[in-house]
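Colleague: Here the protein sequences line up with chains A and B, keeping their order.
Sequential numbering from 1 applies to the first sequence in the UniProt record's numbering.
Sequential numbering from 1 applies to the second sequence in the UniProt record's numbering.
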Amino acid sequence: MDATDRIRAASQFLLQSPPGEINDVLNDIRNIISDDELLQEGIQPALREYNIEQFTVVDVPDTNHQSIISEAARVGPSHSESEERFLDPRSKTSFIFDHLSLEASDPQPIESVEEHEPFRAALEAASLSYLKAHFTDGVASVFSPKEGTNLFVLQLVANKYNPTNFWSGRWRSEYTIDLTTKQVSGRILINVHYYEQGNVQLATTHTVSFELPPGAVSTPPSTTSSKILALIEDEEGKYQVSLNETYQDMGEKTFKGLRRALPLTRQKLDWDKVMGYKLGAELSGSKSVLPSP
Amino acid sequence: MAEVIDSMLDLMRRLPPTRTEENVGSLVGICPEEADELLQSVDQPLQVMVDRATGREYLACDYNRDGESYRSPWSNEYDPPLDDGAVPSSRMRKLEIQANEAFDTYREMYYEGGVSSVYLWDPEDASGGNFAGVVVLKKTMTPASALEPSGSWDSIHVFETVERGRQAHYKLTSTVMLHLITRKGSESDSKVPADKKGTENWKRDGEVSLSGSMTRQTEQDWPLNDASSHISNIGKMIEEMEIKMRNLLQEVYFGKTRDIVYDLRSVDDLEKARRQKELQKELVGFIKR
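Printed below as a string of structure tokens:
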């Protein structure tokens, strides 16, 4: 494999990292490729893609909160800057993000769009109280529409990493809200990795779209935002409960259908007889080796 | 620095089990010199092949591979054909035929379908009765429609045995790979009556995939009457192991991963619970006074 192919393979590995394990994956890759110089440059795009896709959280400089790295949070690079920046709408700052160390630097104040800010702030407040009600380690960011669009973007992410007990998990949700068409569309993504003497992964995707009830957008921003979050709360709650049903379905139908807990006889096999059946079948020339049901 | 192979195995324990073949392929591409060890250490989904002579299905894995060809346990022939493909000694082949028949019965009893194969190989030191082998089982459920759940179960049991007089010592390493997928679409939603205004405008779509593998080992001693005792001994060990692992898989797949989801998000309102707790504390304090 030439250098380009090796970087491509390494990037693919990185993008598949389970929640909270990108450093472990990176360490493995470093040892396997054993060419840090090549990797250093080559894997930057993959790290960036991973952070944006996975809603990586970052401590925002000079604040006590975290914000989400994502496509919606991306600003620039504008003509005057050479580096890409990310936005924390809550503190109204933008910063440079190091995709390897996961640190923010060079915070700069940004001006919010006056027309959108009241609704954005209200949606943010409602999101934060929703987060507090249902997530223990959650982070939420709410973005005003980017230039030329009508879409507010609400993102939230919750991570739990427990390497001592060999598991990790991530919940991501994203909703785009169009106040003109009153359309909300969203997706929920859950990833769980359990790796004690094995490697078991849960990956779920759920997309949903709905229309806001008539009148919902003509109310003050805080009322509209509460209504929207109530609908999201309801949807996410229902989805979580429906997962239980899916689990049950998989257990009852698929799992049992693949392998029985015990044979139809409700007894373990009598191995001496199993060998005997064969002998008997051979002697009688019969093809069937099983006792007739 | 760790050995390269250890890093490869650690990586394979972390990357999604649904992409094992693709990722093993990439690793072999990066380090061809590690290929043999990697392919021996990473269990990959078993491939179903059809014996050209008998028309019977069998399973292809690293253990019945010679170059690009796989040996069928039914006809003992390689596909694509090999003139000098490795085959077991006639003594071992006799036992292999018996073992394949026995595990075919086992498969029918527990899997009610699927495919099984047993491959034995002669010991490097041909003096004793020591030998090794693998028992593989696979069942796939293909859904009748797109929204039916689908899944597959692959068992790989590798064993070694050492004869000690009228006893034999067995070492068994078992891996089960289990994939379960359920797709959900909007059409399942139309059955729900539109009790709320606007409910008819809701569209939903999704997929739940649970996949992975678990490995366990055991060592046991069993009495030995004749050569075929090996088959019933190994049979009992594998049966016991599969029962244990099925319980374990059930616990991890449907218990542990679900608990982690509920650790990420709580269905109940945590704020409300917090306030209630405080209120309760206050009440207790009030009563105590």
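No residue lacks a Cβ here, since even glycine has one placed at the ideal position from N, Cα and C.
Owing to the predicted nature of the structure, the values given are computational and were not obtained by experimental measurement.
Under the DSSP definition of a beta bridge, which residues are partnered with A:K160?
Modeller: Taking the first residue of the first sequence as 1, we reach residue 160 of chain A at position 160. For A:K160, which the question treats as bridged, DSSP gives the partners A:G169.
Colleague: Is it true that the region 121-129 of chain A meets the region 94-107 of chain A, where meeting means three or more beta-carbon pairs spaced less than 8 Å apart?
Modeller: no
Colleague: Roughly how far, in whole angstroms, is the beta-carbon of A:F95 from the beta-carbon of A:P61, given that I think they are within contact range, below 8 Å?
Modeller: Position 95 of the first sequence, counted from the first residue, corresponds to residue 95 of chain A. Position 61 of the first sequence, counted from the first residue, corresponds to residue 61 of chain A. The Cβ separation is near 6 Å, so the contact holds.
Colleague: Helix, strand or coil: how does DSSP classify A:D272 here?
Modeller: For the purposes of this step, residue 272 of chain A is taken as the residue at position 272 of the first sequence. Of the three classes helix, strand and coil, the one that applies to A:D272 here is helix, per DSSP.
Colleague: Measuring straight from C-alpha to C-alpha, what distance separates A:F55 and B:L283?
Modeller: Taking the first residue of the first sequence as position 1, residue 55 of chain A is located at position 55. Taking the first residue of the second sequence as position 1, residue 283 of chain B is located at position 283. Cα to Cα, A:F55 sits roughly 42 Å from B:L283.
Colleague: Which residues in the same chain have their Cβ closer than 7 Å to the Cβ of B:E187, if we skip the five residues on either side of it in sequence?
Modeller: Position 187 of the second sequence, counted from the start, is the residue given in the question as residue 187 of chain B. Its pLDDT being 47, under 50, B:E187 is placed unreliably by the model, and nothing is read from it.
Colleague: Output the distance between the C-alpha atoms of B:V118 and B:P73, rounded to the nearest integer angstrom.
Modeller: Start at 1 with the first residue of the second sequence, and residue 118 of chain B comes out as number 118. Start at 1 with the first residue of the second sequence, and residue 73 of chain B comes out as number 73. The C-alpha of B:V118 lies about 7 Å from the C-alpha of B:P73.
Colleague: The alpha helix (DSSP H) with B:I238 in it runs from where to where?
Modeller: Stepping through the second sequence from its first residue, residue 238 of chain B is reached at position 238. 229-250 is the extent of the alpha helix (DSSP H) around B:I238.
Colleague: How many Å lie between B:K272 and A:D2 at the Cα?
Modeller: For the purposes of this step, residue 272 of chain B is taken as the residue at position 272 of the second sequence. For the purposes of this step, residue 2 of chain A is taken as the residue at position 2 of the first sequence. Taking the straight line joining both Cα atoms gives about 58 Å.
Colleague: Could I get the ranges of all uninterrupted alpha helix (DSSP H) runs contained in the region 16-63 of chain A, with 4 residues as the minimum, in chain order?
Modeller: Listed in chain order, the complete alpha helix (DSSP H) runs (minimum 4 residues) inside the region 16-63 of chain A are 22-33, 36-42, 44-53.
Colleague: By how many angstroms is the C-alpha of B:D62 removed from the C-alpha of B:K171?
Modeller: Here residue 171 of chain B corresponds to residue number 171 of the second sequence, with the count starting at 1. Here residue 62 of chain B corresponds to residue number 62 of the second sequence, with the count starting at 1. Each residue's Cα considered, the two are about 19 Å apart.
Colleague: Using the three-state DSSP reduction, which class does B:M109 fall into: helix, strand or coil?
Modeller: The residue you call residue 109 of chain B lines up with position 109 of the second sequence. DSSP places B:M109 in helix when its eight states are reduced to three.
Colleague: May I ask you to report which of helix, strand or coil DSSP gives B:M49?
Modeller: Within the second sequence, the letter at position 49 stands for residue 49 of chain B. Note: B:M49 maps to strand in three-state DSSP.
Colleague: 9 Å is my cut-off, CB to CB: does A:P263 come that close to chain B?
Modeller: What you label residue 263 of chain A is simply residue 263 of the first sequence in a count that begins at 1. It does; some Cβ of chain B falls within 9 Å.
Colleague: Where DSSP assigns a beta bridge to A:A73, which residues make up the other side?
Modeller: Translated into the one-based positions of the first sequence, residue 73 of chain A becomes position 73. In DSSP, A:A73 forms no bridge with anything.
Colleague: Three or more beta-carbon pairs under 8 Å between the region 10-27 of chain B and the region 39-48 of chain B, yes or no?
Modeller: The count of Cβ pairs closer than 8 Å, one atom from the region 10-27 of chain B and one from the region 39-48 of chain B, reaches three, so the stretches are in contact.
Colleague: Return the CA-CA distance between A:P214 and A:S225, expressed in angstroms with no decimal places.
Modeller: Translated into positions along the first sequence, residue 214 of chain A becomes position 214. Translated into positions along the first sequence, residue 225 of chain A becomes position 225. The alpha-carbon atoms of A:P214 and A:S225 are separated by roughly 14 Å.
Colleague: Assuming A:L189 and A:S127 are in contact, meaning their beta carbons sit under 8 Å apart, how far apart are those beta carbons, in whole angstroms?
Modeller: Counted from its first residue, the first sequence places residue 189 of chain A at position 189. Counted from its first residue, the first sequence places residue 127 of chain A at position 127. Rounded, the Cβ-Cβ distance is 17 Å, inconsistent with contact.
Colleague: Does the CB of B:R93 have a neighbour CB from chain A at under 9 Å?
Modeller: Against the second sequence, residue 93 of chain B aligns to sequence position 93. For B:R93, the answer is no, since every Cβ of chain A falls outside 9 Å of its Cβ.
Colleague: So A:F13 contacts chain B; which residues on that side make the cut at Cβ distance below 8 Å?
Modeller: The sequence position of residue 13 of chain A within the first sequence is 13, counting from 1. The answer, in chain order, is L11, L15, N23, S26.
Colleague: Leaving out the 5 sequence neighbours to the left and right, which residues in its chain are closer than 8 Å to A:S222 when beta-carbon positions are compared?
Modeller: Indexing the first sequence from 1 puts residue 222 of chain A at position 222. These residues qualify, in order along the chain: A122, A125, A126.
Colleague: Count the CB pairs spanning the region 106-116 of chain B and the region 64-71 of chain B that are closer than 8 Å, and state whether there are at least three.
Modeller: no
Colleague: By a C-beta neighbour count over all protein chains shown, 10 Å radius and 16 as the cutoff for buried, is A:A158 buried or exposed?
Modeller: For this step, residue 158 of chain A is matched to residue 158 along the first sequence. The residue in question, A:A158, is buried, as its Cβ has 16 or more Cβ neighbours within 10 Å.
Colleague: Closer than 7 Å by beta-carbon distance: list the chain A residues that pair up with B:V158, in chain order.
Modeller: Counting from one through the second sequence, the residue named residue 158 of chain B turns up at place 158. Neighbours of B:V158 on chain A: none; closest Cβ ~16 Å, over 7 Å.
Colleague: For A:A203, name the three-state secondary structure that DSSP assigns.
Modeller: Start at 1 with the first residue of the first sequence, and residue 203 of chain A comes out as number 203. If DSSP states are grouped into helix, strand and coil, A:A203 belongs with the strands.
Colleague: Run through chain A and tell me which residues come within less than 7 Å of B:P149, C-beta to C-beta.
Modeller: As a first step, residue 149 of chain B must be located in the second sequence, where it is residue number 149. In chain order: D249, M250, K253, T254.
Colleague: How do the region 155-171 of chain A and the region 29-44 of chain A stand: do at least 3 beta-carbon pairs fall below 8 Å, yes or no?
Modeller: no
Colleague: Cβ of B:Q276 less than 9 Å from any chain A Cβ?
Modeller: In the second sequence, the residue the question calls residue 276 of chain B occupies position 276. False, the Cβ-Cβ gap to chain A never drops below 9 Å.
Colleague: Can you round the beta-carbon distance between A:R6 and B:I30 to whole angstroms, since I take them to be within the 8 Å contact cut?
Modeller: Taking the first sequence and counting its residues from 1, the one referred to as residue 6 of chain A is at position 6. Taking the second sequence and counting its residues from 1, the one referred to as residue 30 of chain B is at position 30. About 6 Å; that satisfies the 8 Å criterion.
Colleague: For the region 200-211 of chain A, which residues have a CB atom closer than 8 Å to at least one CB atom of chain B, in sequence order?
Modeller: V200, Q201, L202, A203, T204, T205, H206, T207, V208, S209, F210, E211
Colleague: Taking beta-carbon pairs under 9 Å, can you tell me which members of the region 121-146 of chain A lie near chain B?
Modeller: So the list reads S129, K132, A133, H134, F135, T136, D137, G138, given in the order they occur along the chain.
Colleague: Give the C-beta separation of B:H230 and B:A168 to the nearest angstrom, bearing in mind that I take them to be a contact with Cβ-Cβ under 8 Å.
Modeller: The residue given as residue 230 of chain B occupies position 230 in the second sequence. The residue given as residue 168 of chain B occupies position 168 in the second sequence. At roughly 7 Å, the Cβ-Cβ gap stays under 8 Å, so B:H230 and B:A168 are in contact.
Colleague: Using the beta-carbon of each residue, which ones in chain B are nearer than 7 Å to A:Q16?
Modeller: Taking the first residue of the first sequence as 1, we reach residue 16 of chain A at position 16. Here the neighbours are L15, P16, R19.
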